[in-house]
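S.K.: Protein chains in written order, with the working numbering: chain A, 1 to 409; chain B, 1001 to 1295; chain C, 2001 to 2284.
Sending over a structure as structure tokens; questions will come in a sec.
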Amino acid sequence: MRAARLSLFGLALLAGAAAHAAPPRAEVMHWWTSGGESAAVRALADAYRAAGGVWVDTAVAGNEQARAVAISRVVGGQPPTAALFNTSKQFLDLIDQGLLGTVDAVALRDGWDRFLPEPILSTIRVRGHYYAAPVSIHMPTWIWYSKAAFSKAGVTKEPATIDELFAALDRLKAAGLIPLAHGGQPWQENILFRAMLANVGGRDLYLEVIRDRDPRAIQSDAFRKVLLTFKRLKSYVDVGAPGRNWNDATALLITGKAGVQIMGDWVKAEFAVARQLPDKDYGCIAGLSPQAPYIVQGDAFVFPKSENRDVVAAQQLLAHVVTAPAAQLAFSKQKGSIPIGAGFDPAMLDPCARKGLAIMADRSRVVGNDENYLIPDQNGALSDILTDYWNRNVPVETVQKNIGAALSR
Amino acid sequence: MRGMLNPRRARAYVALLPMAITACVIYFGTTLWSLRVSFSSSRTFPTDNFVGFAQYARLFTDDRWLLSLTNLAIYGTLVIVVCLVLGFLLAALIDAQTRGEGALRSVFLYPYAMSFVATGLVWQWLLNPTNGIQEGVRGLGFAGFQFDWIVDPDKVIYTVAIAAIWQSCGLVMVIMLAGLRGIDPDIWKAARIDGIPAWRVYVSIVRPMLAHSFATATILLLTAVVKLYDVVVAMTQGGPGTASEVPAKYIMDHLFGRANIALASAGSIVLLLTVGILLAPILYLRRHSARLAAR
Amino acid sequence: MSPRRAARIGLYAFLASAALCFLLPLYVMLVTSFKPLDEIRLGNIFALPDAFTFDAWRAAWSTVCTGVSCEGVRDGFANSLKIAIPSTAFAIAFGAMNGYALAFWRARGANVLFALLMIGAFVPLQVMIYPLVRVTAMLHVFGTLSGIVLVHVIFSMPLMTLLFRNYYAALPVELFNAARVDGAGFLRTFAHVVLPMSPPIIVVAAIMQVTGVWNDYLLGLVFAGRDHLPMTVQLNNLVNTTMGTRLYNVDMAATLLTAFVPLVLYFGSGRWFVRGIAAGALKG
Chain A
1 MRAARLSLFG
11 LALLAGAAAH
21 AAPPRAEVMH
31 WWTSGGESAA
41 VRALADAYRA
51 AGGVWVDTAV
61 AGNEQARAVA
71 ISRVVGGQPP
81 TAALFNTSKQ
91 FLDLIDQGLL
101 GTVDAVALRD
111 GWDRFLPEPI
121 LSTIRVRGHY
131 YAAPVSIHMP
141 TWIWYSKAAF
151 SKAGVTKEPA
161 TIDELFAALD
171 RLKAAGLIPL
181 AHGGQPWQEN
191 ILFRAMLANV
201 GGRDLYLEVI
211 RDRDPRAIQS
221 DAFRKVLLTF
231 KRLKSYVDVG
241 APGRNWNDAT
251 ALLITGKAGV
261 QIMGDWVKAE
271 FAVARQLPDK
281 DYGCIAGLSP
291 QAPYIVQGDA
301 FVFPKSENRD
311 VVAAQQLLAH
321 VVTAPAAQLA
331 FSKQKGSIPI
341 GAGFDPAMLD
351 PCARKGLAIM
361 ADRSRVVGND
371 ENYLIPDQNG
381 ALSDILTDYW
391 NRNVPVETVQ
401 KNIGAALSR
Chain B
1001 MRGMLNPRRA
1011 RAYVALLPMA
1021 ITACVIYFGT
1031 TLWSLRVSFS
1041 SSRTFPTDNF
1051 VGFAQYARLF
1061 TDDRWLLSLT
1071 NLAIYGTLVI
1081 VVCLVLGFLL
1091 AALIDAQTRG
1101 EGALRSVFLY
1111 PYAMSFVATG
1121 LVWQWLLNPT
1131 NGIQEGVRGL
1141 GFAGFQFDWI
1151 VDPDKVIYTV
1161 AIAAIWQSCG
1171 LVMVIMLAGL
1181 RGIDPDIWKA
1191 ARIDGIPAWR
1201 VYVSIVRPML
1211 AHSFATATIL
1221 LLTAVVKLYD
1231 VVVAMTQGGP
1241 GTASEVPAKY
1251 IMDHLFGRAN
1261 IALASAGSIV
1271 LLLTVGILLA
1281 PILYLRRHSA
1291 RLAAR
Chain C
2001 MSPRRAARIG
2011 LYAFLASAAL
2021 CFLLPLYVML
2031 VTSFKPLDEI
2041 RLGNIFALPD
2051 AFTFDAWRAA
2061 WSTVCTGVSC
2071 EGVRDGFANS
2081 LKIAIPSTAF
2091 AIAFGAMNGY
2101 ALAFWRARGA
2111 NVLFALLMIG
2121 AFVPLQVMIY
2131 PLVRVTAMLH
2141 VFGTLSGIVL
2151 VHVIFSMPLM
2161 TLLFRNYYAA
2171 LPVELFNAAR
2181 VDGAGFLRTF
2191 AHVVLPMSPP
2201 IIVVAAIMQV
2211 TGVWNDYLLG
2221 LVFAGRDHLP
2231 MTVQLNNLVN
2241 TTMGTRLYNV
2251 DMAATLLTAF
2261 VPLVLYFGSG
2271 RWFVRGIAAG
2281 ALKG
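Rendered as structure tokens:
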């Protein structure tokens, strides 16, 4: 029923576009340049073509780079039709300067309010208007483990609490394996921190610190415990970790040299390239308690404002196509993300995505990523403090104080 | 005499016009614009929200920025000194012998051609204690060999210096080579007739004649050192933690990722001032000595 | 052994060991580019490939995906040439002209201008992107080939001018004075006296400029417009993915492919490092 309604809407847009005698042409700027990501983008491009549009691809590696180029092109007067951003506060400044167009018609017609998780919706819908079309939903703090390493270390049960996780890590260490595969880069350390905040601190503390930036929460004992647990993880990391790329850490799991990695669901692509399967060669844990918050981060296309009717038509068609179920399924399969929408047949997804989707059905468990709530500057300052704490011997009280100062800006 | 020269000199002014426009409008203008933005609270786009010296205050209470300046001093000195010495040595040696010059020149110059995004990764691998040189030498039998600077927060900046030297040495070498080739070959013949040893000729006669090549190479290296960014991002991402932070990376991170162009502008102004303070006495001395020599 | 002989051997030994150190990263790059990904994952960077394969090179040139298009780095090659050739030519022309005017003709205020220009050499180019975007947009060259060439010339001017100015300042001033006495004007002296003595420094300038332009991708991305994206954009897309898997062997192959043009220039530039140009001119 929904599919029929969607294609009618698509036809309407197409008819509108056809009246101008040129197929809708969209230049799409994004940072998805690796093999798996490229395949995912192609799924979207194919869907757009099937709907009658022309997809012109401009891929720029590096998410910061891609956004910087997109903003430069907007300022220079030659904006792309759509540009990829994270579902975050990154494009607030663009909105304030009046540089972005809205896709209210598509959002209302397709009922985005109904199936988008609240954290994602809150970044897309600003002051009542919809400024971006969400494309992917990822969870950054999955706990992955290598079945081979676990069996070698004698860990028989999948850890279900934080204590069981540390017990497993101890077992791995005793067996001579690398307990926690980690790449020493600030964003990866940030992921470890968020995982501990979510699993040890719980949903309320997470929101109080990250969303509300409540000074009392930041100086509390509970948060102190989170920070100490975060630092405790460092003793399970090998000496070659600094600077290592995230996929090299995954490689340690793949070759059975390490047991656990805490990383987002994009690692599934890495396992797939090495021909390893979920539940058979590796396992995935979403949270260390039945109430553990499920952090969502996402990507979305924004639409630089244009007076040209053809461009606006192309933008509307794009917003409609990329959020449609069929395109989402094809896209998320390659990307490792969770498809946006409702009513998916779980059989079409891999076991880990299925777990994620089931958890997301419980809306109270879904929380946003740090970039959802913090502006880039605050987020960066927090990252600096965390990576400093991870790498040097800083007293935890100082860290708490610094975080309080950074987030109060 | 003066009258005869004037129309020609007018042509010199005309020829310098593009440079004048570029210098004034682009470079000077941009610097002024940066200065203006640094006094504001601009985020992604420049705004007129004046906040005085707040960004500079933030800079100088930020450990990361202060560390980046220290790092700049350390690796900057290393890179400039080693590259000048090594570059001159290599150029002199290549100039002195006739065989395989093309190959040798390419061996030392090829690093300059490589995009650092990939070579930075290779250096990371080479310096990694578990897989790189440390492991390789231990495999050869030297069990206690340690070369894990890249994971040591106190020593990581030296690894950045090594990679930067590897990349820039070749260019210094060819600049010196070009300068050496401009020297009258009769000098060598005369020196040999007089029985002066080769190294003496280099040190006492050739080196002063290469003063301009040295000056060019030094300024070139200084600009590269101040703007060093790719190397750090590709090799260490500023890590471990923030131990190998450099000013250019600090500025860049705040310009794009952190959407804080005001702070980034403040950083680049401070950087410019630092370079200016370093260079000013040297330039003054040079002009002073030139004036003395002219008298 | 005579001290001369010992010195010779010492010289060769030093050159050889320095060469080995410099070549080590290249060895690792080559070896990695010929290995399949499974072997690389094992982590032994010095080992020669067990399963030697050209796949990575083929992929890098023509089939690897960067975004929707899967055509490797081949596409951008022509664009890179279209950008590099005019940029180098104009940059050298301006640099030589500026250097000549500064070194020989004491124009008033020129040194102040030169100092201002040199300030620009110390500013990270990313800081200048926003103002330059506005300026090129005003001149209606944003996103065009002329725009990117203009931007490259602007950024190269400080160092090019420095290079030529210092080189010309080291040349014997008698030549210049002789030409002036003969009645040659500004351009005449430049064309007939100064330029013929410039090949070594032109080679250095070309090396610097071609390498800089060829390896640049940020300026190309922002200013060249979608139709003129250089091959470094594809290279960067290959090597620099944020959260995607990395094909290290293809990365290495692509980097070597991209470095090919500057390397050819380096190797072929030998005959221009001619000895005693200035001296020869004096005698003749």
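Using N, Cα and C, we set each Cβ at its ideal position, and we do this for glycine too.
Which of helix, strand or coil does DSSP assign to C/Tyr-2266?
M.R.: Start at 1 with the first residue of the third sequence, and residue 2266 of chain C comes out as number 266. In the structure shown, C/Tyr-2266 sits in a helix (DSSP, three-state: H, G or I).
S.K.: A/Asp-370 touches chain E at which residues, Cβ-Cβ below 7 Å?
M.R.: Going by chain labels, chain E is absent from the structure shown, which instead holds the protein chains A, B and C.
S.K.: Mapping the DSSP letters down to three states, classify A/Val-135 as helix, strand or coil.
M.R.: Sequence index remark: in the first sequence, residue 135 of chain A carries index 135 (1-based). If DSSP states are grouped into helix, strand and coil, A/Val-135 belongs with the strands.
S.K.: List, in order along the chain, the chain B residues whose C-beta lies closer than 7 Å to that of A/Trp-31?
M.R.: As a working mapping, residue 31 of chain A is identified with position 31 in the first sequence. Those within 7 Å of A/Trp-31 in chain B number zero; the least Cβ separation is about 13 Å.
S.K.: Using beta-carbon positions only, say whether A/Ala-272 and A/Gly-184 come within less than 8 Å of one another.
M.R.: Counted from its first residue, the first sequence places residue 272 of chain A at position 272. Counted from its first residue, the first sequence places residue 184 of chain A at position 184. Contact: no.
S.K.: Less than 6 Å between C-beta atoms, sequence neighbours within five positions excluded: which residues of the same chain meet that for A/Val-41?
M.R.: Sequence index remark: in the first sequence, residue 41 of chain A carries index 41 (1-based). The answer, listed in chain order, is Trp-32.
S.K.: May I ask you to report which of helix, strand or coil DSSP gives A/Val-273?
M.R.: Looking up residue 273 of chain A in the first sequence gives position 273. Helix.
S.K.: Below 8 Å on the Cβ atoms is my contact criterion, and I expect B/Ser-1168 with B/Val-1275 to pass it. Report the Cβ-Cβ distance as a whole number of Å.
M.R.: Here the question's residue 1168 of chain B lines up with position 168 in the second sequence. Here the question's residue 1275 of chain B lines up with position 275 in the second sequence. Contact doesn't hold; Cβ gap of about 17 Å is too wide.
S.K.: Which parts of the region 186-230 of chain A are runs of the alpha helix (DSSP H), unbroken and 4 residues or longer, counting only runs that do not cross its ends?
M.R.: Here the runs fully enclosed are 186-196, 202-206 and 215-218.
S.K.: Could you name the residues of the same chain whose beta carbon sits closer than 8 Å to that of B/Phe-1108, not counting the 5 residues immediately before and after it, in chain order?
M.R.: Against the second sequence, residue 1108 of chain B aligns to sequence position 108. Excluding residues within five positions, the ones whose Cβ falls inside 8 Å are Leu-1090, Cys-1169, Gly-1170 and Met-1173.
S.K.: Less than 8 Å between the beta carbons of B/Ser-1115 and B/Val-1246, yes or no?
M.R.: For the purposes of this step, residue 1115 of chain B is identified with residue 115 of the second sequence, where counting begins at 1. For the purposes of this step, residue 1246 of chain B is identified with residue 246 of the second sequence, where counting begins at 1. No, the Cβ-Cβ distance between B/Ser-1115 and B/Val-1246 is not below 8 Å.
S.K.: Let me know the alpha helix (DSSP H) ranges lying completely inside the region 2206-2247 of chain C, each 4 residues or longer, listed in chain order.
M.R.: With a minimum length of 4 residues, the continuous alpha helix (DSSP H) runs that stay inside the region 2206-2247 of chain C are 2218-2223 and 2231-2239.
S.K.: Cutting at 7 Å between CB atoms, please list the residues of its own chain near B/Met-1004, excluding the five before and the five after it.
M.R.: Counted from its first residue, the second sequence places residue 1004 of chain B at position 4. Annotation note: pLDDT 41 at B/Met-1004 (below 50); position unreliable, coordinate value reported separately. So the list is empty, once near-sequence residues are dropped.
S.K.: Within the chosen definition, does the region 347-366 of chain A reach the region 374-387 of chain A through at least 3 CB pairs nearer than 8 Å?
M.R.: No: the two stretches stay apart, fewer than three of their Cβ pairs being nearer than 8 Å.
S.K.: Tell me the rounded alpha-carbon separation between C/Leu-2257 and C/Leu-2263.
M.R.: To locate residue 2257 of chain C, count along the third sequence from 1; it is residue 257. To locate residue 2263 of chain C, count along the third sequence from 1; it is residue 263. Distance between the alpha carbons of C/Leu-2257 and C/Leu-2263: 10 Å.
S.K.: Buried or exposed for A/Cys-352, going by 16 or more other Cβ atoms inside 10 Å?
M.R.: Residue 352 of chain A sits at position 352 when you count from the first residue of the first sequence. Buried is the call here.
S.K.: Please list the partners that C/Ala-2137 has in chain A, where partner means a Cβ-to-Cβ separation under 9 Å.
M.R.: For the purposes of this step, residue 2137 of chain C is taken as the residue at position 137 of the third sequence. Ordered by position in chain A, the residues that pass the 9 Å Cβ test against C/Ala-2137 are Val-75, Gly-76, Gly-77 and Gln-78.
S.K.: Based on the DSSP output, what are the partners of B/Leu-1121 in its beta bridges?
M.R.: In the second sequence, the residue the question calls residue 1121 of chain B occupies position 121. DSSP output for B/Leu-1121 lists no bridge partner at all.
S.K.: In the region 134-168 of chain A, which residue ranges form an unbroken beta strand (DSSP E) of at least 3 residues, counting only runs that do not cross its ends?
M.R.: Whole beta strand (DSSP E) segments, 3+ residues: 142-146.
S.K.: Any idea what DSSP makes of B/Trp-1097, helix, strand or coil?
M.R.: The residue labelled residue 1097 of chain B in the question sits at position 97 within the second sequence. As written in the sequence, residue 1097 of chain B is Gln, which differs from the Trp given in the question. In this structure, B/Gln-1097 counts as coil in the three-state DSSP scheme.
S.K.: Could you tell me whether any Cβ in chain A is nearer than 8 Å to the Cβ of C/Gly-2284?
M.R.: Translated into positions along the third sequence, residue 2284 of chain C becomes position 284. Because the pLDDT at C/Gly-2284 is just 39, under 50, the model does not fix this residue reliably, and the value given afterwards should be weighed accordingly. Not closer than 8 Å to any Cβ of chain A, the Cβ of C/Gly-2284 fails to qualify, so no.
S.K.: Going along the region 388-406 of chain A in order, which residues come within less than 9 Å of chain B, judged by CB to CB distance?
M.R.: Residues passing the 9 Å Cβ filter: Asp-388, Tyr-389, Trp-390, Asn-391 and Arg-392.
S.K.: What residue range does the beta strand (DSSP E) around C/Met-2029 cover?
M.R.: Taking the third sequence and counting its residues from 1, one reaches residue 2029 of chain C at position 29. That residue, C/Met-2029, is in no beta strand (DSSP E); its alpha helix (DSSP H) goes 2003-2033.
S.K.: Is the CB-CB distance between A/Met-263 and A/Trp-144 below 8 Å?
M.R.: Along the first sequence, one-based indexing puts residue 263 of chain A at 263. Along the first sequence, one-based indexing puts residue 144 of chain A at 144. Contact flag set, yes.
S.K.: Cα-Cα, which of C/Leu-2195, C/Asn-2098, C/Gly-2076 and C/Tyr-2027 is closest to B/Arg-1011?
M.R.: Numbered from 1 along the second sequence, position 11 holds the residue referred to as residue 1011 of chain B. The candidate whose alpha carbon is nearest that of B/Arg-1011 is C/Asn-2098.
S.K.: State the Cα-Cα distance for the pair A/Pro-304 and C/Ser-2156, rounded to the nearest angstrom.
M.R.: Stepping through the first sequence from its first residue, residue 304 of chain A is reached at position 304. Stepping through the third sequence from its first residue, residue 2156 of chain C is reached at position 156. When rounded, the distance between both Cα atoms is 33 Å.
S.K.: Taking only runs that begin and end inside the region 298-337 of chain A, name each unbroken alpha helix (DSSP H) of 4 or more residues, in chain order.
M.R.: Segments of the alpha helix (DSSP H) lying fully in the region 298-337 of chain A: 309-322 and 325-335.
S.K.: Check whether chain B comes within 8 Å of C/Asn-2236, counting only Cβ atoms and requiring the distance to be less than that.
M.R.: Start at 1 with the first residue of the third sequence, and residue 2236 of chain C comes out as number 236. Interface residue, yes.
S.K.: Can you give me the Cβ contacts of A/Ser-38 inside the same chain, cut-off strictly under 6 Å, excluding the 5 residues immediately before and after it?
M.R.: Along the first sequence, one-based indexing puts residue 38 of chain A at 38. Cβ within range, chain order: n/a, list empty.
S.K.: Quick one: what does DSSP say A/Val-60 is sitting in, helix, strand or coil?
M.R.: Within the first sequence, residue 60 of chain A is the residue found at index 60, counting from 1. Correct three-state label for A/Val-60: coil.
S.K.: Please list, in chain order, the chain C residues whose beta carbon lies closer than 7 Å to that of B/Phe-1108.
M.R.: Against the second sequence, residue 1108 of chain B aligns to sequence position 108. Chain C residues near B/Phe-1108: Phe-2022.
S.K.: Scan the region 1137-1153 of chain B for residues whose Cβ lies nearer than 8 Å to a Cβ of chain A and list them as they occur along the chain.
M.R.: Answer set for the region 1137-1153 of chain B: Asp-1148, Ile-1150, Val-1151 and Pro-1153.
S.K.: Pull the bridge partners of A/Arg-125 from the DSSP assignment, please.
M.R.: Locating residue 125 of chain A in the first sequence gives position 125, where the first residue counts as 1. DSSP lists A/Tyr-130 as partners of A/Arg-125.
S.K.: Return the chain-ordered list of same chain residues with a C-beta closer than 6 Å to the C-beta of C/Phe-2265, the five sequence neighbours on each side being excluded.
M.R.: Numbered from 1 along the third sequence, position 265 holds the residue referred to as residue 2265 of chain C. According to the sequence displayed, residue 2265 of chain C carries Leu and not Phe. The residues are Val-2210.
S.K.: Check whether chain B comes within 8 Å of A/Ala-353, counting only Cβ atoms and requiring the distance to be less than that.
M.R.: Your numbering for residue 353 of chain A matches position 353 in the first sequence. It does not; no Cβ of chain B falls within 8 Å.
S.K.: To which residues does DSSP link A/Leu-100 through a beta bridge?
M.R.: Walking along the first sequence from the start, residue 100 of chain A turns up at place 100. A/Pro-304.
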